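Residue numbers (UniProt numbering): 1 to 465.
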Amino acid sequence: MIRLPDHPSLEKLRKLAKRLARQVHDGEPRALALVAELHPRPPAEFRLADAHLVTARLYGFASWPRLVEHLETVERYSRSPHTVPEAADPADEFLRRACLTYGADHPGRLESARSVAYEPTVHTMAATGSYDELRALLAREPGLAVAQGGPFGWEPLLYLCYARVGPGRHVDAARLLLEHGADPGAGFLWESLPSPFTALTGAFGGGEGDQPPHPAAFELAGLLLEHGADPNDAQTLYNNGLGGSWSDRTDILGLLLAHGLGRGDGGSWKRRLGHALAPPDQLIREELATAALRGGPRRARLLLEHGAQPDGIAAHPAFEERTPLELALLHGHHEVAEILREAGGSASLSTMEQFVASCMRGEDPRDPELTAHVRATHPGLINTAAGHRNVAAVRLLVRLGFDVDQLERATPLHEAAWNDDVEMARTLVELGADPSIEDREHGSTPLGWAQYGGKRRVLAYLASL
Numbered sequence: 001m002i003r004l005p006d007h008p009s010l011e012k013l014r015k016l017a018k019r020l021a022r023q024v025h026d027g028e029p030r031a032l033a034l035v036a037e038l039h040p041r042p043p044a045e046f047r048l049a050d051a052h053l054v055t056a057r058l059y060g061f062a063s064w065p066r067l068v069e070h071l072e073t074v075e076r077y078s079r080s081p082h083t084v085p086e087a088a089d090p091a092d093e094f095l096r097r098a099c100l101t102y103g104a105d106h107p108g109r110l111e112s113a114r115s116v117a118y119e120p121t122v123h124t125m126a127a128t129g130s131y132d133e134l135r136a137l138l139a140r141e142p143g144l145a146v147a148q149g150g151p152f153g154w155e156p157l158l159y160l161c162y163a164r165v166g167p168g169r170h171v172d173a174a175r176l177l178l179e180h181g182a183d184p185g186a187g188f189l190w191e192s193l194p195s196p197f198t199a200l201t202g203a204f205g206g207g208e209g210d211q212p213p214h215p216a217a218f219e220l221a222g223l224l225l226e227h228g229a230d231p232n233d234a235q236t237l238y239n240n241g242l243g244g245s246w247s248d249r250t251d252i253l254g255l256l257l258a259h260g261l262g263r264g265d266g267g268s269w270k271r272r273l274g275h276a277l278a279p280p281d282q283l284i285r286e287e288l289a290t291a292a293l294r295g296g297p298r299r300a301r302l303l304l305e306h307g308a309q310p311d312g313i314a315a316h317p318a319f320e321e322r323t324p325l326e327l328a329l330l331h332g333h334h335e336v337a338e339i340l341r342e343a344g345g346s347a348s349l350s351t352m353e354q355f356v357a358s359c360m361r362g363e364d365p366r367d368p369e370l371t372a373h374v375r376a377t378h379p380g381l382i383n384t385a386a387g388h389r390n391v392a393a394v395r396l397l398v399r400l401g402f403d404v405d406q407l408e409r410a411t412p413l414h415e416a417a418w419n420d421d422v423e424m425a426r427t428l429v430e431l432g433a434d435p436s437i438e439d440r441e442h443g444s445t446p447l448g449w450a451q452y453g454g455k456r457r458v459l460a461y462l463a464s465l
C-alpha cells in the first residue's frame, strides 16, 4: 500500500488506472505483478473495472467506489484559508484578518482586524466572543449555530477557536454554540491534506509558524473534550510537538491523555478518512518519538506512564524508522535516553552513529579519520545541535572543524533565533558566526527570523550586535 499524493485528483487516478490497463494488455511484468498482488481474482480478460480495483487497492482502499468516496470526502472538507483574497464584505474581511490561517499569519495581520468596521454576523459574534448578541441571535435562528459561511466557509465554532481577538466571552459563546448543535469535532482539511485542523487545533495554535494559542485555549479545549471532541488529534499534537519551536511542556499532552489520547476508535475524523489518519496507538508512538528527538524528559515519562511502548516505531519521516532510544542518543538527549533505557528501550548504532552520539553528548570521540568523514557527510550536525539548544555539542563540533555558519535550510544562528535561545546565539557569535547570512528559503537573516517570530529575547541580543 502506498499513500495517496497530496491534493489527490480523481481524474489523475482514472488516468493511472487506464495506463495500468494498457500495461497489463501489453504484458509489462511490473503491471502483471501488481495485478497478481492486489487483485483478489485476477481475470483472464483484464478490463478497466479491474484496473480501477487494483488502483484502489494500491492506495489501501477495498474498492474503487471506496476510493471515490474518500476523494469526495476530502473535497467536501478541504479549505485553503491562507489563499483567500481580500474580501469586499467588511465582516468577511474582519474574519479573514482575525483568524489563524496557517499560511498567511504574518506579523500585524491579526492586529489589523481591529480597524475593520462591519455589521455583526453569527460568525463575527463567535469570533469575538460576543455572547449576549450571539444568544439573542440564536434564540431567533438556532440553525445559525452550524451555518457554514464567512470567508473560509467555516461554521461559527471554528471562527471562534481560530480567531485571536478579544476581549470577549469566548468560552460562554462556545458553550452556547455547542448547546445549539455545533460539532465539537468540527474541522477542515487544510489544502486537502489528511490531518484535520479541528476546533481543538485552533484553540491551541502552535505549528511551524509558532502561531499563538487562543487566550482561553485550555478552557475552550476542556469544553470541547467534555462535549465529545476526540483527543486523538494528530494536528494538535504536531503543532505542539514535532512542529514549531520546542518546549517540554506537558499541559496539552496531559489534557489529551486524560481524555483518552491513545485509546478509542479515533472519532469522527477517523471514520471519515479511514487509513489516511493514524490510529490512536500510532499517535502515542509519534509523541514518544517526538520527545526523544527533541528532548522532552517530562513528556517521555508521562507517555510511558500512559502505556507508550519504549521501542515503538513512529511513522513520520523525521524519525527515520528509529527507536526512541536511538533518536535520543543521536540527538544528545541524555536524560531522555536514561528514561527510555530504564523502561526497556533498545538501540543499535553503527560506528559512525556512535561517533555522532558521542559528539552530541559533548564528548570528543578522538578519531581524526572518522571526524573528517562525518564532517564531510553530515556537515549539518552542528545545525541539529544548535536547534536542540546543545551548547556543549556546538562548542565541540566547532573545535572539530565543523562550520559555525553551515547553511542547510538555514544556519545554526537561525535555529537559535527561532528558538529564542539567547545562550546559543551568544555562543555561536562568540565562535565566529556571521549574523548577516540569509536562509535559503526566505532570504532572511537570523534577526529577520526573530522579528517575524516575535522572539523578543534573541531579537534584543541580535539587534545589539
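Backbone N, C-alpha and C define an ideal beta-carbon position, used for all residues, glycine too.
Small disclaimer: the values here were computed from a predicted structure and weren't measured.
Inset, instruction - Quick one: grab the DSSP three-state call for Trp-246. - result: Walking along the sequence shown from the start, residue 246 turns up at place 246. Trp-246 falls in the coil class under three-state DSSP.
Legend entry - Helix, strand or coil at Ala-163 according to DSSP, with G and I counted as helix: To locate residue 163, count along the sequence shown from 1; it is residue 163. It is a strand residue.
Legend entry - Residues near Thr-198 in its chain [Cβ-Cβ closer than 8 Å; skip 5 each side]: Numbered from its first residue, the sequence shown carries residue 198 at position 198. Answer for Thr-198: Gly-185, Ala-186, Gly-187, Ala-229, Asp-233, Gln-235, Thr-236, Trp-269, listed in chain order.
Inset, instruction - Would you mind stating whether Val-429 and Leu-407 have Cβ atoms separated by less than 8 Å? - result: The residue labelled residue 429 in the question sits at position 429 within the sequence shown. The residue labelled residue 407 in the question sits at position 407 within the sequence shown. Not in contact: Val-429 and Leu-407 (Cβ atoms no closer than 8 Å).
Inset, instruction - Take the Cβ of Gly-267 as the centre, count every other Cβ of all protein chains shown within 10 Å, and call the residue buried at 16 or more, exposed below. - result: Taking the first residue of the sequence shown as 1, we reach residue 267 at position 267. Buried: at least 16 other Cβ atoms inside 10 Å.
Legend entry - Residues near Phe-204 in its chain [Cβ-Cβ closer than 8 Å; skip 5 each side]: Locating residue 204 in the sequence shown gives position 204, where the first residue counts as 1. Same-chain partners within the cutoff: Pro-213, His-214, Ala-217, Ala-221, Thr-236, Asn-239, Asn-240, Ile-252.
Legend entry - Those runs of the beta strand (DSSP E) which lie wholly inside the segment 65-106 and span at least 3 residues: none
Inset, instruction - Determine the extent of the beta strand (DSSP E) in which Phe-188 is found, giving its start and end residues. - result: Taking the first residue of the sequence shown as 1, we reach residue 188 at position 188. Element bounds for Phe-188: 187-190.
Inset, instruction - Return yes when the Cβ of Arg-285 is within less than 8 Å of the Cβ of Ile-339, no when it is not. - result: As a first step, residue 339 must be located in the sequence shown, where it is residue number 339. As a first step, residue 285 must be located in the sequence shown, where it is residue number 285. No, these two residues do not count as a Cβ contact at 8 Å.
Inset, instruction - Entirely within the segment 32-59 and at least 3 residues each: give me those beta strand (DSSP E) ranges in chain order. - result: none
Legend entry - Burial state of Asp-183 (16 or more Cβ within 10 Å): Indexing the sequence shown from 1 puts residue 183 at position 183. Buried, since its Cβ has 16 or more Cβ neighbours within 10 Å.
Inset, instruction - Taking 8 Å as the threshold, find out whether the segment 452-461 comes into contact with the segment 275-292 through three or more Cβ pairs. - result: no
Legend entry - N-terminal and C-terminal residue of the alpha helix (DSSP H) that Ser-112 is part of: To locate residue 112, count along the sequence shown from 1; it is residue 112. First-last of the alpha helix (DSSP H) with Ser-112: 109-112.
Inset, instruction - Report whether the distance from the Cβ of Asp-248 to the nearest heavy atom of the ligand ADP is below 7 Å. - result: You won't find the ligand ADP in this model; it holds no ligand whatsoever.
Legend entry - Buried or exposed (CB count within 10 angstroms, at least 16 for buried), His-442: Residue numbering aside, residue 442 sits at position 442 when the sequence shown is read from its first letter. Result: exposed.
Legend entry - Gly-274 in three-state terms, based on DSSP: As a first step, residue 274 is located in the sequence shown; it is residue number 274 there, counting from the start. If DSSP states are grouped into helix, strand and coil, Gly-274 belongs with the helices.
Inset, instruction - Helix, strand or coil for Gly-222, going by three-state DSSP, please let me know. - result: For the purposes of this step, residue 222 is taken as residue 222 along the sequence shown, with counting starting at 1. Of the three classes helix, strand and coil, the one that applies to Gly-222 here is helix, per DSSP.
Legend entry - Residue from Thr-73, Thr-201, Pro-435, Ala-98 whose Cα sits closest to the Cα of Glu-86: Numbered from 1 along the sequence shown, position 86 holds the residue referred to as residue 86. When each option's Cα is compared against that of Glu-86, the closest is Ala-98.
Inset, instruction - To the nearest angstrom, report how far apart Tyr-131 and Leu-144 are at their CA atoms. - result: Counting from one through the sequence shown, the residue named residue 131 turns up at place 131. Counting from one through the sequence shown, the residue named residue 144 turns up at place 144. Going from the Cα of Tyr-131 to the Cα of Leu-144 covers about 14 Å.
Inset, instruction - Count the other C-beta atoms from every protein chain shown that fall within 10 angstroms of the C-beta of Met-424, then say buried if there are 16 or more, exposed otherwise. - result: Stepping through the sequence shown from its first residue, residue 424 is reached at position 424. Buried, since its Cβ has 16 or more Cβ neighbours within 10 Å.
Legend entry - Gly-149 in three-state terms, based on DSSP: Numbered from 1 along the sequence shown, position 149 holds the residue referred to as residue 149. DSSP places Gly-149 in strand when its eight states are reduced to three.
Inset, instruction - Return the CA-CA distance between Ser-350 and Ala-56, expressed in angstroms with no decimal places. - result: What you label residue 350 is simply residue 350 of the sequence shown in a count that begins at 1. What you label residue 56 is simply residue 56 of the sequence shown in a count that begins at 1. Near 39 Å, if we compare the C-alpha coordinates of Ala-56 and Ser-350.
Inset, instruction - Give the straight-line distance between the Cα atoms of Arg-118 and Asp-92, rounded to the nearest whole angstrom. - result: The residue you call residue 118 lines up with position 118 of the sequence shown. The residue you call residue 92 lines up with position 92 of the sequence shown. As written in the sequence, residue 118 is Tyr, which differs from the Arg given in the question. Taking the straight line from one Cα to the other gives about 9 Å.
Inset, instruction - Measuring alpha carbon to alpha carbon, tell me which of Ala-21, His-414, Gly-181 ends up nearest Glu-155. - result: Position 155 of the sequence shown holds residue 155. Comparing Cα positions, the closest option is Gly-181.
Legend entry - Cα-Cα separation between Ser-346 and Lys-18, rounded to whole angstroms: Translated into the one-based positions of the sequence shown, residue 346 becomes position 346. Translated into the one-based positions of the sequence shown, residue 18 becomes position 18. Taking the straight line from one Cα to the other gives about 47 Å.
Inset, instruction - Count the CB pairs spanning the segment 12-29 and the segment 49-68 that are closer than 8 Å, and state whether there are at least three. - result: yes
Legend entry - Option in Asn-419, His-306, Ala-386 with minimal Cα separation from Leu-431: On the sequence shown, position 431 is the one that residue 431 refers to. Measuring from the Cα of Leu-431, the nearest candidate turns out to be Ala-386.
Legend entry - Span separating the alpha-carbon of Glu-287 from that of Asp-89: Along the sequence shown, one-based indexing puts residue 287 at 287. Along the sequence shown, one-based indexing puts residue 89 at 89. Roughly 42 Å separates the two Cα atoms.
Inset, instruction - Could you pull out every unbroken alpha helix (DSSP H) segment of at least 4 residues lying fully inside the segment 327-400, listed in chain order? - result: 334-342, 351-360, 368-377, 381-387, 391-399
Inset, instruction - Please name the residue, chosen from Tyr-162, Val-458, Thr-250, Leu-256, that lies closest to Glu-129 on a Cα-to-Cα basis. - result: Within the sequence shown, residue 129 is the residue found at index 129, counting from 1. Note on identity: in this sequence residue 129 is Gly, with Glu being the wrong assignment. Of the listed residues, the one whose Cα sits closest to Gly-129 is Tyr-162.
Inset, instruction - List the whole-angstrom C-beta distance separating Trp-77 from Leu-67, where the pair is believed to meet the contact cut-off of C-beta under 8 Å. - result: As a position in the sequence shown, residue 77 is number 77, starting the count at 1. As a position in the sequence shown, residue 67 is number 67, starting the count at 1. Reading off the sequence, residue 77 comes out as Tyr, not Trp. At roughly 16 Å, the Cβ-Cβ gap does not stay under 8 Å, so Tyr-77 and Leu-67 are not in contact.
Inset, instruction - Report the partner residues of Trp-154 according to the DSSP bridge assignment. - result: Numbered from its first residue, the sequence shown carries residue 154 at position 154. Paired residue(s): Gly-149.
Legend entry - Extent of the continuous alpha helix (DSSP H) to which Val-422 belongs: Here residue 422 refers to the residue found at position 422 when the sequence shown is read from its first residue. Looking at the DSSP string, the run of the alpha helix (DSSP H) that includes Val-422 is 422-430.
Legend entry - residue 466 versus Asp-439, His-378, Ala-318, residue with shortest Cα-Cα distance: As displayed, the chain neither begins before 1 nor continues past 465, which places residue 466 out of reach and without an answer.
Legend entry - Residue environment, Glu-226, which counts as buried when at least 16 other CB atoms sit within 10 Å: Mapped onto the sequence shown, residue 226 falls at position 226. When all chains shown are included, Glu-226 counts as exposed.
Inset, instruction - Starting from the Cα of Glu-11, find the closest Cα among Leu-32, Leu-193, Glu-72, Ala-292 and give me that residue. - result: Counting from 1 along the sequence shown, the entry for residue 11 is found at position 11. It is Glu-72 whose Cα lies nearest to the Cα of Glu-11.
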